[in-house]
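Per the UniProt record's numbering, the sequence shown runs over residues 1 to 151. Cβ coordinates follow ideal geometry from the N, Cα and C atoms, glycine included. Given the structure is predicted, the values throughout are model-derived calculations rather than measurements. To keep things clear, I will list the structure first and then write my remarks on it.
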Amino acid sequence: MTRLGDLERAVMDVLWDMDPGASGGVTVREVADALDGRELAYTTVMTVLDRLAGKGMVQRQREGRAWRYRPAASREAHIAQLMLDALDLGGSRDAALVRFARSVTGTEAEVLRAALSAEAGLTAGHETALTDRVEDPRAGRPTLADEATER
Numbered sequence: 001m002t003r004l005g006d007l008e009r010a011v012m013d014v015l016w017d018m019d020p021g022a023s024g025g026v027t028v029r030e031v032a033d034a035l036d037g038r039e040l041a042y043t044t045v046m047t048v049l050d051r052l053a054g055k056g057m058v059q060r061q062r063e064g065r066a067w068r069y070r071p072a073a074s075r076e077a078h079i080a081q082l083m084l085d086a087l088d089l090g091g092s093r094d095a096a097l098v099r100f101a102r103s104v105t106g107t108e109a110e111v112l113r114a115a116l117s118a119e120a121g122l123t124a125g126h127e128t129a130l131t132d133r134v135e136d137p138r139a140g141r142p143t144l145a146d147e148a149t150e151r
């Protein structure tokens with residue numbers, strides 16, 4: 001997964017934070033207005049959105065002469081994919097996972113336990129579903145869901 005620069009991250013935050021009812025996406029002007037404290041040119045925001053579309057981070061749809069943009073995946077899916085990519089950097093995945101598990105708070109550990117239990121139920125043939133599945137904006141890349149089915 002592509003890491004985001006500071007401005008790309010700010011634009012993605014605007015898209016991720018947009019009203020869920022606005023599933024049709026937002027225009028460049030709406031993103032530029034939401035970034036009001038940055039004093040960015042319209043063309044700069046347009047270029048960033050175009051690059052994010054090229055990276056597969058956003059989807060866009062033509063509306064008249066303008067484009068409407070929306071995230072290709074949720075913020076949570078993006079973060080989960082970054083974590084998986086970090087595990088791919090080399091070394092022992094198991095050791096990295098154990099170290100990570102030891103660093104989380106009690107509440108975070110409970111969330112992980114619940115997710116792992118639900119995932120175990122899925123692999124055992126139960127119809128339990130996790131509410132936040134990992135979505136991969138890059139086609140062909142295995143996700144947590146794919147890995148669970150392969151087990």
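### Sequence-distant residues of the same chain with beta carbon closer than 8 Å to residue 91, five excluded per side
Taking the sequence shown and counting its residues from 1, the one referred to as residue 91 is at position 91. Result list for residue 91: empty, nothing under 8 Å.
### Query
For chain C, is any of its Cβ atoms less than 8 Å away from the one on residue 58?
Given the protein chain composition of this structure (a single chain), no chain C is represented.
#### Entry: Candidates 71, 67, 70 and 100, of which the one nearest residue 83 by Cα
For the purposes of this step, residue 83 is taken as residue 83 along the sequence shown, with counting starting at 1. Selected option, being the one with the closest Cα: 100.
### Task
Look at the Cβ atom of residue 45, then the Cβ atom of residue 28, and state whether they are nearer than 8 Å.
Against the sequence shown, residue 45 aligns to sequence position 45. Against the sequence shown, residue 28 aligns to sequence position 28. Cβ distance < 8 Å, so residue 45 and residue 28 count as in contact.
#### Entry: C-alpha distance - residue 61 paired with residue 98, whole-angstrom precision
What you label residue 61 is simply residue 61 of the sequence shown in a count that begins at 1. What you label residue 98 is simply residue 98 of the sequence shown in a count that begins at 1. About 42 Å.
### Message
Please classify residue 49 as buried or exposed, where buried requires at least 16 neighbouring CB atoms within 10 angstroms.
### Response
In the sequence shown, the residue the question calls residue 49 occupies position 49. Under this definition residue 49 is a buried residue.
### Message
Which complete beta strand (DSSP E) runs does the region 74-109 hold, if anything under 3 residues is left out?
### Response
none
### Query
When we look at the beta-carbon of residue 69 and count the other beta-carbons within 10 Å, is it buried (16 or more) or exposed?
Looking up residue 69 in the sequence shown gives position 69. Classification for residue 69: buried.
### Query
Nearest CA to the CA of residue 5: which residue from 73, 51, 37 and 18?
Within the sequence shown, residue 5 is the residue found at index 5, counting from 1. For the residues 73, 51, 37 and 18, the minimum Cα distance to residue 5 belongs to 51.
### Coarse secondary structure for residue 16, derived from DSSP in three states
In the sequence shown, counting from the first residue as 1, residue 16 sits at position 16. Correct three-state label for residue 16: helix.
#### Entry: Counterpart residues of residue 63 in DSSP-defined beta bridges
On the sequence shown, position 63 is the one that residue 63 refers to. 66, per the DSSP bridge assignment.
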